[in-house]
Structure formats: structure tokens, C-alpha cells
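So the structure is just underneath, and the comments pick up after that.
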Amino acid sequence: MKVFTSKTEKRIIGFLSAAGFLFIWKFVSIHIGTDIILPAPETVFLRLLSIMIDSGFWLAVGATVLRTAYGLIISFVLGFAAGIGCGSSSKIDALLSPIISITRTVPVMSIILLAMIWFSTDIVPVFVCVLMIFPILTANVKQGVKGVDRKLVELGVSYRLSRTEVFREITVPSVMPFILGGLRSAIGVGWKVVIAAEVLSQPVRAVGTGLQFSQMNLETAEVMAWTVVAVILSWLSEFLLDLLIKRRKWEPADA
Amino acid sequence: MKVFTSKTEKRIIGFLSAAGFLFIWKFVSIHIGTDIILPAPETVFLRLLSIMIDSGFWLAVGATVLRTAYGLIISFVLGFAAGIGCGSSSKIDALLSPIISITRTVPVMSIILLAMIWFSTDIVPVFVCVLMIFPILTANVKQGVKGVDRKLVELGVSYRLSRTEVFREITVPSVMPFILGGLRSAIGVGWKVVIAAEVLSQPVRAVGTGLQFSQMNLETAEVMAWTVVAVILSWLSEFLLDLLIKRRKWEPADA
Amino acid sequence: MPENNRKASDAETFGIKLDNISFAYPDTAKDPVFRAFSMKMPAAKVSVILGPSGCGKTTLLNLVSGLLEPGSGYIDAAGRSENDKGRISVLFQEPRLLPWRSVRRNIEIVLNKHLGAVNSRKTAEHYLTLVGLGSFMDYYPAQLSGGMRQRAAIARAFAYPADTILMDEPFQALDLGLKINLTELFTKLWVEDRRTSVFVTHDINEAILLGDEIFVLSPGKPAEILEHITNNDPHSGRTLESETSIEIEKRLYRLLG
Amino acid sequence: MPENNRKASDAETFGIKLDNISFAYPDTAKDPVFRAFSMKMPAAKVSVILGPSGCGKTTLLNLVSGLLEPGSGYIDAAGRSENDKGRISVLFQEPRLLPWRSVRRNIEIVLNKHLGAVNSRKTAEHYLTLVGLGSFMDYYPAQLSGGMRQRAAIARAFAYPADTILMDEPFQALDLGLKINLTELFTKLWVEDRRTSVFVTHDINEAILLGDEIFVLSPGKPAEILEHITNNDPHSGRTLESETSIEIEKRLYRLLG
Amino acid sequence: GSQEAAAPAEVNITIAALKGPSGFAAAEMMKDKFQPGYNVNAEYILLGSPLDAVTKMTSGEIDAAFLPVNTAAKLYTKGIGYKLAAVSGVGSLYMLSSDSSVTDWPELKGKTIYLTGKGATPDYLLRYLLIENGLDPEKDVTLNFTSTPPQIVQLLAAGKADTAFIPQPFALMAETNTKAGIVLDPQQELMKIRGTQKPFPFTVFVLSERLIEARPEAAAEIVSALEASINWVVSNPDEASAAIEEIGIMTAVAAKPAIPVSGIQFISAADSRADVEDFLSMLLELDPVSVGGKLPDEGFYFEN
Ligand SMILES: Nc1ncnc2c1ncn2[C@@H]1O[C@H](COP(=O)(O)OP(=O)(O)OP(=O)(O)O)[C@@H](O)[C@H]1O
Ligand SMILES: Nc1ncnc2c1ncn2[C@@H]1O[C@H](COP(=O)(O)OP(=O)(O)OP(=O)(O)O)[C@@H](O)[C@H]1O
Ligand SMILES: [Mg+2]
Ligand SMILES: [Mg+2]
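Structure (C-alpha cells):
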């Protein structure tokens with residue numbers, strides 16, 4: 609049975625573990641001793657402030673946020689559609705699964721080559737992101753659809769609910785947890801992939817470009833600063849998603 | 609309601625869509641016209657045969673398979689443990705989530721150097737893989753645990769089943785679909801990540817290194833050949849997992 | 007989908023016919039539930055089905071409603087096939103309420119298409135009040151007691167404008183008082199527009215009070231019709247004390263007791 | 007966990023006491039289910055609880071079994087708290103079988119710890135046969151009819167070596183014949199080792215045939231004890247015709263009918 | 548842009564430089580957005596990687612770019628029409644080691660050497676030099692690859708690596724930030740072995756045949772502009788490094804010390820041909836794949 613823990617208590621624990629993490633970081637950095645490998649937290653923090661002053665910084669962040677947003681939204685739409693399709697009709701499943709599993713399995717490296725030919729460097733990361741996320745979501749949604757309570761579907765059928773009604777009233781609510789679960793983890797991956805792709809494809813304005821540039825100049829502190837930015841970004845995004853999830857009523861979901 | 613489709617029918621459809629894919633590939637390659645960007649399928653196939661003759665090929669494949677296997681197994685164990693923990697105790701959740709979300713969000717680019725310092729280039733891809741997969745699985749399992757039917761848990765409690773019994777008889781079976789769903793998609797990502805990391809860390813023997821090498825030399829056909837290898841590998845792995853999933857009895861899972 | 011909600015007038019044209027059907031569940035195919043089974047349930051009458059647990063009552067209803075297809079043979083019932091214009095209202099053996107919807111919404115959902123939003127709401131609330139859930143309309147199923155869920159499901163089945171009503175042990179898990187009220191309620195509603203109804207129950211009194219035709223199924227597979235009793239007393243004002251009733255009760259006790 | 011399965015001898019030392027408790031569900035806190043509610047159910051006796059749907063019977067059982075904690079007040083029952091050595095066997099209002107286990111395994115699981123693998127299997131099969139599921143032991147819950155699932159749950163509750171048995175409408179969804187058999191079965195088993203039992207039902211006849219103490223709860227919240235009837239006739243050989251029975255029946259009908 | 552050579556017709560071209568030292572050469576051109584005239588409008592872009600340049604060349608998006616010499620040759624032999632217009636940089640690779648006992652190539656025996664890009668020029672060059680010095684690249688040494696030179700510097704700093712084969716300016720960074728110092732000069736070694744006069748050509752400047760055919764004069768202007776740009780960069784490091792940061796190739800701080808050591812140097816196609824061919828033939832011996840199977844014919848060189 610779940611142990612009840614108060615909000616504040618959670619906060620404290622969370623804070624402690626974060627603090628622990630910082631402490632370890634500081635410790636390791638002292639142990640390593642040279643800034644070009646692992647600078648101390650405070651160094652990174654100061655550097656972060658200094659790069660945040662630059663206007664280019666905000667443009668870069670904005671660009672990356674946009675890319676990730678596009679990537680996730682596209683993946684979500686595709687994944688949702690494909691997942692529903694594959695989950696509810698084995699024909700569609702048979703039809704799509706080869707393509708999906710190819711997209712799921714083609715290494716990023718190989719795709720980036722083509723992507724760079726087909727799209728401008730600005731779009732490559734979005735493309736790669738979709739390629740990476742969309743199969744995950746599809747799998748999740750498919751899983752969910754297969755898990756829909758047959759008894760409730762029967763109910764819908766006998767009461768002659770239209771396909772759309774069954775979909776809206778029964779399928780979607782049952783699948784939601786799966787989708788949100790998938791999306792929740794997809795978001796994290798999304799940021800990672802977008803930034804990785806940015807590092808490779810080097811758009812003019814991008815967090816990834818920032819990372820790569822500062823690494824080329826051996827500015828490890830700056831590399832870390834950009835890293836912190838990336839981390840904060842995806843935390844924010846996850847936080848927002850969680851709000852969204854909370855907003856769903858229909859919580860008492862048994863019986 | 610699900611439309612029933614015969615195995616053979618599925619096969620046919622699947623075959624068709626695969627054929628369609630090849631056709632499009634061939635068409636585009638003709639349209640593009642130069643091997644450097646997109647060689648024709650048959651060219652790639654021939655090149656594949658030629659690299660397969662080389663003994664180094666099999667060693668490389670073997671090494672990559674091992675890395676992915678390790679990466680997935682470790683992620684699975686960690687993800688399972690963490691997911692169960694976070695799902696069943698909000699204390700543990702509060703404690704782990706900061707660390708997990710950091711691992712989930714730190715860009716590969718930033719972590720890979722530390723990885724190289726800590727591990728030999730052979731292990732770096734495994735490390736990166738775990739970093740990428742483990743949060744996904746954790747999220748999935750957590751989702752699943754939260755979804756366990758409260759009524760069944762109550763049953764377990766009133767009949768005084770030990771924690772382990774409740775876990776084995778109620779939690780695990782309810783969580784399984786989530787885990788397998790997660791694993792199913794994780795495998796795909798796993799291969800991608802391992803290979804990507806191999807491209808970056810370039811172990812002596814690795815599919816990623818092969819990719820990178822042929823890319824350096826603009827041998828696109830070879831790049832594609834390696835890609836095909838990667839795709840086949842992850843298909844095999846998914847196929848195996850599906851067998852595993854099928855083997856689970858307890859199918860009629862409603863009532 | 008027809009918009010007109012059929013009234014007694016043309017209800018006569020309907021009826022339920024099972025013609026020499028056979029059915030077995032795929033994974034227990036060795037012993038079929040029905041084999042060469044035939045049955046006629048007249049239109050505009052209440053047919054009650056009695057029979058030991060596991061004999062095939064629910065399966066029978068699912069065959070009639072079209073959720074299951076017979077392995078062989080032929081079934082005719084108004085609104086059975088997607089494309090005919092009739093409608094069937096089903097009360098399952100479990101409440102089958104959508105966990106993520108309030109009780110009220112659960113009923114509105116099945117009405118919307120036929121009555122439109124406003125009337126759906128009115129109707130839903132009307133029937134919920136009839137089954138005594140007037141003050142629980144905004145509760146979620148998980149917040150209700152077993153019997154209350156059952157009543158919500160009953161409200162849904164009654165509210166749905168159908169030509170045929172199939173009910174699987176509707177009044178189980180209800181206390182005596184409620185059973186009586188709801189039995190009376192059903193009679194009251196039924197006499198208004200005599201819809202073809204099938205009523206699965208274990209309660210002999212219910213069978214007597216509600217049934218025009220009483221079918222008793224045999225235990226063991228395949229199931230057969232052990233007995234078919236017709237009761238021509240008018241519905242309103244039936245009592246358990248009338249000698250028809252007492253006489254039927256005796257016969258049923260002999261078969262089931 | 008105690009290995010000894012208590013016998014009548016020391017059963018006397020047990021009993022269920024609810025002392026001035028109050029309880030409300032968090033999300034419907036405005037109207038509590040119980041307020042300043044007290045009740046004593048004697049040891050080694052069968053207490054039957056009757057009451058309109060939604061009055062709080064299931065809640066009461068959950069409070070006794072320890073699944074729910076009272077907001078205030080104090081509850082004593084053998085095996086209620088994790089760490090005391092008694093055991094409670096609960097029959098929920100729904101079968102609550104594990105979908106991924108065969109019926110047999112479903113029962114073995116709760117027995118294993120107390121009887122060991124071999125005996126668990128024997129016992130499970132024994133009780134399944136008693137409830138008439140002898141030929142369905144390897145079926146999965148989804149493959150059973152509603153009543154069959156209910157019977158599987160009954161077998162589990164009876165098989166579990168407990169000091170106290172709580173049953174929430176155990177015989178609902180069962181046909182008359184089965185009801186009678188199972189009532190007799192329960193009596194037969196009960197007289198062997200008179201375990202403290204609480205029996206929630208809607209069926210007045212059951213109440214009369216099984217109850218030593220009959221409690222009738224009031225509708226509406228908070229629930230109160232409307233009536234408490236004691237029946238000292240010996241269990242074995244009780245009939246509905248004895249004048250005690252008839253007299254009790256009258257009183258109950260007046261309260262519930 | 549139009550293929551026609553009709554004098555009045557406008558031609559729009561894109562000149563691409565790479566981030567990193569190879570981009571230094573174009574600093575002045577890019578700073579002033581140099582226009583060659585003859586109705587040719589030049590636009591300048593900065594690319595992240597040679598790969599990016601290659602894809603844009605194959606798709607004809609760019610008309611001028613800086614590439615490793617063997618990549619240029621390979622593209623030419625594969626018929627992606629680009630000619631070598633000049634050498635913009637010569638080799639500036641160095642062998643670093645924290646073990647000062649290494650004073651000559653044979654002493655690398657048993658060492659683990661870190662370098663970038665399996666299959667890239669440094670890889671081939673190192674193998675060649677090792678073999679020439681009687682070492683077997685597979686047995687006598689261990690070659691560890693990473694993706695970028697900075698990582699190697701960091702590995703040196705971490706003491707994880709003790710010997711590395713990296714280009715400038717990273718060799719310099721390593722010297723200032725780690726215990727490792729330059730111990731061997733492959734340029735000298737190669738000149739000794741091959742008997743050549745100049746360090747081997749490393750980065751070359753290529754022009755699209757499309758441009759050359761449409762506007763030969765403009766092409767010539769661009770080449771001389773590059774020469775001017777290179778000379779400017781080499782002779783005024785301060786302004787140059789400022790410009791380099793402004794363009795976004797590198798930070799001024801990192802660039803200034805890099806400029807003198809990074810082997811930036813203009814050699815016309817004509818003057819470089821001999822050395823280029825010599826270097827390519829060396830690669831050809833090592834691994835035909837690296838240059839596209841055969842030496843490029845004289846059409847490869849744009850000699851105005
Ligand atoms: N989980 C819950 N959350 C909120 N309210 C609840 C919950 N469960 C039950 N209730 C309310 O508590 C009251 C008593 O419920 P309970 O299940 O005890 O009734 P009951 O006597 O068992 O009825 P029945 O005979 O229909 O099972 C009901 O009014 C119900 O609405
Ligand atoms: N999904 C299923 N798969 C396999 N067998 C099934 C399935 N559902 C029911 N059965 C079998 O079919 C027979 C009839 O089941 P059914 O539910 O129709 O009985 P019933 O008359 O409704 O019993 P009850 O009164 O207990 O509800 C039973 O023996 C049961 O084991
Ligand atoms: Mg049934
Ligand atoms: Mg109840």
C-alpha cells in the first residue's frame with residue numbers, strides 16, 4: 609500500500625538529494641583538480657550567468673525550444689495516430705510496422721547524413737527527434753489500445769456509440785495513461801536527441817551549437833553551463849507536462 | 609472491435625509495405641543520381657555482402673551486440689528497481705527523481721567526455737545507452753505500478769500476503785505490460801544510442817566505428833550497408849523479445 | 007440510426023428468434039454452451055430466463071445482442087445487426103460504468119445521439135432519481151457502493167430508447183426494499199411502451215412478478231430449455247399470492263430448489 | 007504469522023468491537039458514513055448485517071478488516087492489525103480474482119504460507135469441488151460466468167484458515183439451488199469450528215437461516231443500528247417454517263420490505 | 548542561379564568556410580563580404596563539419612569550400628564537379644607526449660596513441676609514418692580514436708592519455724594545459740621520407756566547375772582574394788582573431804595563438820600540384836578508398 613508523504617516532506621527529500629548531487633560534483637571536481645575536465649559547480653554557475661547576458665544565448669535557447677517542441681508535437685500526433693491504428697486494426701499494424709520499425713532502428717548517424725541533404729540544418733534536429741520519439745510513442749499507444757477493457761468496448765458497441773464516441777469516451781481515456789507515460793519519458797529523450805543532432809548539424813542558433821563551440825574552445829565550464837541550460841529546459845517541460853497530467857479529472861479510475 | 613486478420617494476410621501486407629519502401633528508395637536514389645548521397649538498394653546490398661566477408665565485420669557486430677545487451681540489461685534492472693520504488697513509495701520517488709531526471713536530461717555530448725575518462729572506449733557506449741534507456745524504463749514501470757488495481761492489492765493485504773507475495777503475484781503481473789511495452793521501444797532506442805555513442809567514442813571493434821569510417825571516406829554505400837546491419841540487428845532483437853512476450857500465459861487478462 | 011423511438015403500435019413487429027444455433031467459446035471449444043438450440047421470445051412481452059449458474063444465460067444474451075456470433079444457426083432480433091434500424095438496450099451482469107465519467111455523464115453518453123445534449127441530461131437525471139441516486143449524480147463509480155453502481159447501470163438501460171431490452175440479473179446486489187421498488191418501476195415503465203424484454207434472474211419471485219414467458223435452462227453443457235411457462239396475468243397488480251403465481255412458484259421450486 | 011489454525015476452544019476469546027467510531031470518505035467528507043457508531047459482534051457467532059444499498063455495510067466490513075481506518079474511535083477484531091496473531095478472511099462484494107492466475111492458483115496463493123504447497127493444492131481443490139467448480143479449476147477468471155467467479159471467491163474465503171470471516175453478499179448472483187447448497191455448506195463448515203463471522207446480505211431468508219445476531223442498518227448517513235435481533239435456535243436444522251423464523255421474518259419485512 | 552555565361556546575367560554563389568582553424572583563411576573575405584564582381588553575388592556561410600560541406604557540394608548548394616585534400620580529390624573522381632583552386636593550409640599535426648623520453652618515431656613502440664577520426668587524414672598519415680619507421684600500426688602501438696581533438700586534450704589533462712597525435716591549435720592548448728608537450732613533427736618526418744620541400748597540403752580551397760565555366764574571371768578574383776585574406780590573417784593576428792570571433796569561427800582568445808601555428812598558407816593550384824599529387828599517391832598506396840581509387844587527372848587543378 610502507498611505510504612502517504614506530505615508535500616513539504618517530499619520537497620525536503622528532493623532538496624536533499626539534489627544537494628547530495630551537487631556535493632558529489634564539487635567533490636569530484638576538486639578531486640580531478642583541473643577546470644578543463646570538470647569545473648566546480650560555482651564556476652559553472654558564474655559562467656552560466658555570463659553567457660545568459662549575451663542576447664545570442666536567448667535566441668539559441670529559443671531556437672532549440674522551438675525545435676524540440678516541433679519534434680515532440682509531430683511525434684505525438686504521428687505516434688498517436690499510428691498507435692491507435694496499429695492497436696485497433698491488425699491490417700494497419702501489418703502495413704505500418706515495417707516502416708515504423710525501420711524508422712525505429714535506422715541509426716541516427718546514417719539518417720543525419722540524408723537529413724542534412726534534404727533539410728536545412730535548422731530542421732535536421734527536428735527530423736531526427738521525430739525519428740527517435742515517434743516510434744516510442746507509437747509503441748506506447750499501441751500497448752494502451754490493446755489494453756482497453758474489452759467489456760467497456762462491448763458496452764459502447766451494444767449501445768451503438770459511433771466509432772468516434774467509443775474512441776473519445778472509451779479508447780482515449782484508457783490509453784491516456786500510456787500516452788502520458790510515454791510522452792513523459794519521450795520529452796527527456798527529445799531534448800537529448802535534439803541537442804545531440806544540433807551538435808552534429810550545427811545550426812546557426814542552437815544550444816547544441818553552443819555546446820559544440822565551447823567544447824571546440826576547450827571551455828569546459830561553458831560546456832557545463834550549456835548543459836545546465838539543457839537540464840533546466842527539460843525540467844521545465846516535464847513540469848509543464850505534469851501540470852497537464854494533473855489537470856485531468858476522472859482520477860478515481862477503478863471500479 | 610478488433611478486425612481479425614489471418615497470419616498470411618498480415619505477411620502479405622507487411623511484405624508489400626516493405627517492397628513499397630524499397631521501391632521508393634530505388635526511385636529516390638535514381639532521382640538523386642549520385643552514389644555519395646543515396647546509392648541504389650542493390651548497390652548497398654552488394655556492398656553489404658562484400659563487408660560481411662571480412663572477419664573484422666563479425667567481430668564488430670559481436671562487440672556491438674554485447675554492448676547493447678549489457679546496456680539494455682543494466683537499464684532494465686535499474687529501471688525496474690527504480691520504477692517499482694518510485695511507484696510504490698513517494699519517499700523513494702522524491703529521493704530518486706532529481707537524480708533520474710538529471711540522467712534523463714543531461715545531453716549525451718556533455719556526458720560522453722566524463723564517460724571516456726571513467727571507462728575504456730569499449731564501455732562508453734554501454735554507459736551512454738544506460739543513461740538514455742534507464743529513465744524511459746523507470747518512467748514506464750512507475751506508471752505501471754501506479755496503475756495496479758487497488759482492489760487486488762487490498763485483497764493481498766487482507767489475506768496477509770507477504771510483501772514479496774503481493775509483489776510477485778499482483779504487482780509484477782500488472783506492471784508487466786508496461787515494462788514490456790517500455791522494453792519493446794527501449795530496444796530500438798538502445799541500438800540507436802549504442803551505435804551513435806560508438807561513432808563518437810570509436811571503439812576498435814564496433815558497428816558505429818564502421819559507420820563512421822565509411823562516412824569519413826564518403827563511402828555512402830558502405831554507410832548504408834552498416835545501417836542495414838544495424839536495422840537487421842534490432843529487428844532480430846525485437847523478434848526475440850516478442851517471442852518472450854508471447855510465452856507469457858495469463859493472457860485472458862480481464863474480469 | 008433511427009431517430010424515432012418506437013412505441014407500442016409498431017413494437018408488435020419485433021421479436022427474438024434463435025434458430026437451431028450452436029455456440030462454443032474458442033478456448034473451451036470441447037464442450038459447447040449451445041448445440042442445435044432454438045428459442046422464440048415473443049415481441050412486446052417480458053421473457054424471463056432462469057437457470058443454474060454457468061448454464062449459459064449471459065452467453066445467450068450476448069448472442070441476442072450480437073456481441074457474440076453463433077457458430078451455426080440464425081438469430082433474429084430487432085437492432086441486432088449494426089445496420090438494421092432497431093436498437094437494443096443491454097444491462098450487463100456487471101455495472102460496466104466508465105470509471106472516468108460521473109454517473110450522470112455515464113448515462114448521457116448513451117443518450118446524446120438520440121435525444122441531444124439537453125434532453126439527455128434531463129432524461130439521465132430523471133432516471134437516476136427514479137433509481138434513488140438523485141443525490142449521487144456527480145459521483146464517480148468508484149465512489150459508489152456496489153448496489154449503487156448496479157442501480158446506475160439500471161438507470162442507463164431503462165433510459166436508453168431501445169426496441170429491445172436485455173437485462174442480466176439487474177436487481178442482484180440490491181436490498182429487498184429496492185428490489186421491490188425497482189420491480190414496480192420496471193412494470194410501470196414497461197406497460198407504457200411494451201418493449202420486447204429479456205430478463206435473466208435467479209429470483210423466482212421476480213420471475214413470477216415480471217415474466218410473461220418463463221424459460222428455465224438446464225445445467226451442464228450444452229444447455230437446453232428445461233421448461234417453458236407462460237403467465238397471462240396482466241402485469242400491473244400481479245401478486246405472489248394469486249394462485250397462478252403460487253402454482254408457478256411450486257413448479258419453479260421443483261426445478262431449481 | 008501463526009501456524010495454528012484456531013479451533014472453537016480458544017475462539018471464545020475473540021469478538022469484534024466497534025467503539026464510538028466515526029468515518030467519512032475523504033472526497034465525500036461532508037456526509038460521514040458513520041458518526042459515534044458503536045457495535046459489538048460476539049465471538050463464535052454469525053452476525054448478519056442487513057441494510058439498504060449504500061448505507062455503509064461494505065464500509066463497515068472494510069473498517070473491521072482494517073482496510074479502512076476510522077477517523078476517530080476504536081475497533082477491535084482478531085487479526086485486524088498486521089502484527090496481531092489472528093487472521094481475517096474477507097469475501098469482497100466483487101470476486102476480486104487475479105486475472106492472470108487459474109482459479110486453483112488464485113486459492114493456493116492465499117493458502118501457501120499457512121499450509122505449504124502440497125496441502126494448499128489439496129485444500130484449494132477440495133473447496134472448489136464443494137462450490138461446484140471441480141471441473142473448472144484450471145479456467146481463468148475471464149472464462150467463467152459471473153456466478154462461477156463468485157463461487158471461486160467463496161471457496162477462497164472458506165478455505166483460508168482465519169479466526170474471523172467477513173462476507174459481503176457472498177451468495178449474490180447465484181441461483182436458488184446454489185444459494186441453498188452454499189447456505190447449508192456454510193452452516194456445515196461453521197459448526198465444525200465456530201469462527202466469528204460477519205455476513206452482509208440482502209436476503210432475509212439467508213439472514214434467518216444463518217444469523218445468530220441480526221443487525222439492520224438505517225439508510226441515509228450517518229448509518230445507525232435500526233434493529234438488533236438475536237436468534238438462539240441451533241444452526242443445524244433451522245428452517246424458515248419455525249415460528250422464531252416466521253416471527254423474525256415479519257419484523258425484518260416491516261423494516262426493509 | 549543560371550548556368551548561362553551571358554555577360555549581363557547575374558550569378559549568385561555561396562562560399563562556405565568551416566568552423567575551426569581551417570576557417571581562418573577566409574576571415575578577411577568573410578569579414579568584408581568580398582564580392583568578385585563580373586555580376587557575381589557572393590554569399591558567405593559557415594559550416595560545422597566537412598560532411599556538411601560535402602553534402603552541400605553534392606547538392607550544388609555551394610560553389611566554394613574548404614576541404615581536406617583527399618576529400619576534394621575523392622569528390623572530383625566521383626564526378627561531383629569541384630576543382631582545387633588553391634591550398635589554404637598545410638599540415639600542422641603534432642605528436643604530443645607526457646613522456647619526454649620519446650624523441651624519435653621508433654620510440655613510440657608500445658605506446659597508446661590518441662587521435663581523431665578513424666579513416667581521416669591524421670589516421671592515414673600516422674600509419675604511414677609508423678610503417679616507414681618500422682612499426683606495425685596494429686601490433687606495436689595501440690591507436691585510440693575519439694571524435695574531436697578537444698576531447699583528447701581533456702584526456703591528456705585527465706592523465707587518461709599520455710601520447711596523442713593532434714592538429715594545431717589543440718597541440719598548443721595541450722602544451723599549455725597539460726603535462727604533455729610536442730615531441731615529434733610529422734611534417735618534417737614526411738618531408739624527410741618523401742624528399743619534398745614543403746609540408747604536405749592539408750586543407751584545400753575548391754571552386755565549382757559551374758562557377759568556373761560561367762565566370763572564369765570571377766573565379767580568379769576569388770582565388771586572389773583568398774590569397775590576400777590569408778596573408779592579412781597571418782600578418783595581423785590581432786585584427787584577424789577579432790574578425791574570427793565576430794564571424795563565429797572561434798573565440799579570439801583561442802584563435803590568436805592558433806593563427807601562427809595552424810599552418811595557414813596560400814599555395815596556388817599550379818605551385819601545389821606536385822606536392823598534392825605526392826601526398827595523394829601516398830594515401831593511395833595506404834588505402835585506395837581514401838582518395839577514391841585513383842589520382843585525379845590534371846582537370847582537378849584550376850590553374851588560371
Ligand atoms: N471510495 C469511496 N469514496 C467516496 N464515497 C464512497 C466510497 N465508497 C463508498 N462511498 C459512499 O459510502 C456510502 C456507503 O457505501 P458502502 O459501499 O458501504 O454501501 P453498502 O452498504 O455496501 O451498499 P451496497 O449494499 O450497495 O453494497 C455510499 O453512500 C457511498 O456513496
Ligand atoms: N470468455 C469465456 N471463455 C470461455 N468460456 C466461457 C467464457 N465465458 C463463459 N464461459 C463458459 O460458458 C458457460 C456459460 O457461461 P455464462 O456466463 O453464460 O453462464 P451464466 O448462465 O451467465 O452463469 P451465471 O448465472 O453465473 O452468470 C460457463 O460454463 C463458462 O465457463
Ligand atoms: Mg451470467
Ligand atoms: Mg457493499
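So the protein sequences, as listed, match chains A, B, C, D and E. FYI, the numbering used here numbers position 168 of the first sequence as 776, with every residue one higher than the one before it. FYI, the numbering used here numbers position 64 of the second sequence as 672, with every residue one higher than the one before it. FYI, the numbering used here numbers position 8 of the third sequence as 14, with every residue one higher than the one before it. FYI, the numbering used here numbers position 195 of the fourth sequence as 201, with every residue one higher than the one before it. FYI, the numbering used here numbers position 182 of the fifth sequence as 729, with every residue one higher than the one before it. Each residue gets a CB set at the ideal place from its N, CA and C atoms; glycine is no exception.
Which chain D residues sit within Cβ distance under 8 Å of residue i?
{"i": "I778 (chain B)", "result": "L104"}
{"i": "L270 (chain C)", "result": "Outside the displayed span of chain C (7 to 263) sits residue 270 (chain C), for which this structure offers no information."}
{"i": "P785 (chain B)", "result": "Here the premise fails: no neighbours, minimum Cβ distance about 10 Å."}
Leaving out five residues on either side along the sequence, give the residues of the same chain with a beta carbon under 8 Å from the beta carbon of residue i.
{"i": "G60 (chain D)", "result": "P225"}
{"i": "K51 (chain D)", "result": "R200, T202, S203, D218 and E219"}
What is the residue span of the alpha helix (DSSP H) that residue i lies within?
{"i": "L117 (chain D)", "result": "V109 to L136"}
{"i": "K621 (chain E)", "result": "V616 to T624"}
{"i": "Q820 (chain A)", "result": "V815 to M824"}
{"i": "K194 (chain C)", "result": "L182 to E198"}
{"i": "P715 (chain B)", "result": "Unbroken run through P715 (chain B): none, as it is neither H nor E."}
Using a cut-off of 7 Å between C-beta atoms, extract the partners of residue i located in chain A.
{"i": "R655 (chain B)", "result": "Near R655 (chain B) there are no residues of chain A at all, since even the closest Cβ is about 13 Å away, more than 7 Å."}
Applying a beta-carbon distance threshold of less than 9 Å, which residues of chain C neighbour residue i?
{"i": "V753 (chain A)", "result": "The contacting residues do not exist; V753 (chain A) stays about 16 Å from chain C at best."}
Where does the unbroken beta strand (DSSP E) through residue i begin, and where does it stop?
{"i": "A42 (chain D)", "result": "F40 to M47"}
{"i": "Q812 (chain E)", "result": "I811 to S815"}
{"i": "T676 (chain B)", "result": "Premise fails: T676 (chain B) lies in the alpha helix (DSSP H), S663 to S696, not in any beta strand (DSSP E)."}
{"i": "D25 (chain D)", "result": "I22 to F29"}
{"i": "T245 (chain D)", "result": "It is not in any beta strand (DSSP E) - T245 (chain D) carries neither H nor E in the DSSP assignment."}
Along chain E, which residues have their Cβ under 7 Å away from the Cβ of residue i?
{"i": "F821 (chain B)", "result": "K665 and G666"}
Counting only the same chain and skipping the five closest in sequence on each side, list residues whose C-beta sits under 7 Å from that of residue i.
{"i": "G789 (chain A)", "result": "N748"}
{"i": "Q751 (chain A)", "result": "F786"}
Using the three-state DSSP reduction, which class does residue i fall into: helix, strand or coil?
{"i": "I576 (chain A)", "result": "Lying before the first or after the last residue shown, residue 576 (chain A) is absent from chain A, which here runs from 609 to 863."}
{"i": "S647 (chain E)", "result": "coil"}
{"i": "T798 (chain E)", "result": "coil"}
{"i": "G636 (chain E)", "result": "strand"}
{"i": "D579 (chain E)", "result": "helix"}
{"i": "S793 (chain A)", "result": "helix"}
{"i": "T651 (chain B)", "result": "helix"}
Report the neighbours of residue i on chain A: residues whose CB is nearer than 8 Å to its CB, in chain order.
{"i": "V116 (chain C)", "result": "Y767 and L769"}
Which residues in chain B sit within 8 Å of residue i, going by Cβ to Cβ distance?
{"i": "Y166 (chain D)", "result": "Y767"}
Considering only residues of the same chain and omitting the five flanking positions on each side of residue i, which have a CB-CB separation below 6 Å?
{"i": "S549 (chain E)", "result": "Here S549 (chain E) scores only 44 on pLDDT, less than 50, and its place in the model should not be relied on; the value that follows carries that caveat. Around S549 (chain E): A556."}
Please compile the residues from chain E whose C-beta is within a distance smaller than 8 Å of the C-beta of residue i.
{"i": "T817 (chain B)", "result": "K665 and F692"}
Task: Residues of the stretch 63 to 97 of chain D whose Cβ lies closer than 9 Å to any Cβ of chain C, in chain order - done: Per Cβ criterion, the list reads K63, T64 and T65.
TODO: Name, going along the chain, the residues of the stretch 169 to 199 of chain D whose beta-carbon falls closer than 9 Å to a beta-carbon of chain C.
DONE: D174, E175, Q178, A179, L180, D181, L182, G183, L184, K185 and I186
TODO: Determine which residues of the stretch 793 to 809 of chain B have a Cβ less than 8 Å from any Cβ of chain E, and write them out in chain order.
DONE: V807, L808 and S809
- [ ] May I ask you to list, following chain order, the residues of the stretch 683 to 707 of chain E that have a beta carbon less than 7 Å from some beta carbon of chain B?
- [x] N691, F692, T693, S694, Q698, Q701, L702, A705 and K707
Open item on the list: Tell me which residues of the stretch 733 to 765 of chain A have at least one Cβ-Cβ distance to chain C shorter than 8 Å, keeping chain order.
Closed with: Under the 8 Å Cβ criterion, the stretch 733 to 765 of chain A contributes K759, L760, E762, L763 and V765.
TODO: Report the residues of the stretch 619 to 647 of chain B with a CB closer than 9 Å to any CB of chain E, ordered along the chain.
DONE: I640, T642, D643, I644 and I645
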